[in-house]
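Working notes for the structure below.
Residue numbers (this note's numbering): 1 to 301.
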């Protein structure tokens, strides 16, 4: 019987552990073993006879970029992340504690945005030139949650104090961001430029109002969380300190990727992106799941 030839970059599956999902060979070792990165189990080292060739996926945002040149330290297996989440919330996304601590208050804040700073209300204030009222309502919405750091809320208030021009620029940019026409990318960029003018060019402020507009479609960015998540999933987000649309799109792809992986495994069933983000943040910062970088382990079969 001719041994299967395995090369660097090949896609494979484990013959006895299909639940590990699709894997990619990242190194052939002199001992005859190979290092493989599996989509649900992370990096493993094993003998080649445990592997069978698999068809390359049309698109896989993690595996297609995994190779020896990419650091794999800090990745966490998907089952460990699921276990961490279920340890906190045994009933998954319908767990009463999860609803109270992670979901309900975000949806309530979203309802507040639509009630207090909806399209008609905001545009009426702009027509009246009442930019001060828009800024006050924006501050009120920030106070609805603890998502944005207190010092960043204070920095935005300080930015408004710079003058009436800054208030006007913020009010108009917020309207364009939330309710403007055309592609969202340029509208997001314009809002970021105004935040820079106010001295509060932060990911949290840049994404907060858009997130509240529709948390089932948009995402809220906390830099520490998103970078830790990208590391855990082996996902390259190309993080930049300054908010920008291209980086936001990469972060959104990370969240979409996690949603697709959850759907494949069928253990947890998120209702929308609110739940997907809830899964990411809670599982990563459970503590055990995000401990020291995971070492390559030999497969037991």
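C-beta: ideal position from N, C-alpha, C; glycine also.
Because the structure is a prediction, the values reported are computed rather than measured.
Legend entry - Residues near residue 243 in its chain [Cβ-Cβ closer than 6 Å; skip 5 each side]: Residue 243 sits at position 243 when you count from the first residue of the chain shown. Contacts found: 192, 203 and 206.
Legend entry - Buried or exposed by the 16-neighbour rule on C-beta atoms within 10 Å, applied to residue 15: If you number the chain shown from 1, residue 15 lands on position 15. Flag for residue 15 reads exposed.
Inset, instruction - Put residue 137 into one of helix, strand or coil per three-state DSSP. - result: Taking the first residue of the chain shown as 1, we reach residue 137 at position 137. Correct three-state label for residue 137: helix.
Inset, instruction - Spell out the partners DSSP gives residue 53 in its beta bridges. - result: Locating residue 53 in the chain shown gives position 53, where the first residue counts as 1. DSSP, once it has assigned bridges, lists 12 as partnering residue 53.
Legend entry - Span separating the alpha-carbon of residue 327 from that of residue 164: With the chain represented from 1 up to 301, any question about residue 327 goes unanswered, as that position is not in the structure.
Inset, instruction - Please list, in chain order, all residues of the same chain as residue 148 whose beta carbon is under 7 Å from its beta carbon, the five residues on each side excluded. - result: As a first step, residue 148 is located in the chain shown; it is residue number 148 there, counting from the start. Same-chain partners within the cutoff: 142, 204, 205 and 208.
Inset, instruction - Would you kindly work out how many angstroms separate the C-alpha atoms of residue 212 and residue 66, rounded to a whole number? - result: Position 212 of the chain shown holds residue 212. Position 66 of the chain shown holds residue 66. If you take the alpha carbons of residue 212 and residue 66, they lie about 34 Å apart.
Inset, instruction - Flag this pair as yes or no: are the beta carbons of residue 93 and residue 271 separated by less than 8 Å? - result: Residue 93 sits at position 93 when you count from the first residue of the chain shown. Residue 271 sits at position 271 when you count from the first residue of the chain shown. Inclusion of residue 93 and residue 271 in the CB contact set at 8 Å is warranted, their separation being smaller than that value.
Inset, instruction - To the nearest angstrom, report how far apart residue 120 and residue 100 are at their CA atoms. - result: Along the chain shown, read from residue 1 onward, the residue named residue 120 stands at position 120. Along the chain shown, read from residue 1 onward, the residue named residue 100 stands at position 100. Going by the C-alpha atoms only, they are around 31 Å apart.
Legend entry - Nearest residue (CA-CA) to residue 380, options 285, 273 and 267: Look at the range of the chain in this structure, 1 to 301, and you will see that residue 380 is not part of it.
Inset, instruction - Specify, as a first and last residue, the run of the alpha helix (DSSP H) that residue 194 falls within. - result: Locating residue 194 in the chain shown gives position 194, where the first residue counts as 1. Here the alpha helix (DSSP H) through residue 194 covers 184–198.
Legend entry - residue 25 - containing beta strand (DSSP E), residue span: Locating residue 25 in the chain shown gives position 25, where the first residue counts as 1. Per DSSP, residue 25 is one residue of the beta strand (DSSP E) stretching across 23–28.
Legend entry - Nearest candidate by alpha-carbon position, reference residue 61, set 194, 24 and 5: Translated into positions along the chain shown, residue 61 becomes position 61. For residue 61, the nearest C-alpha among the options comes from 24.
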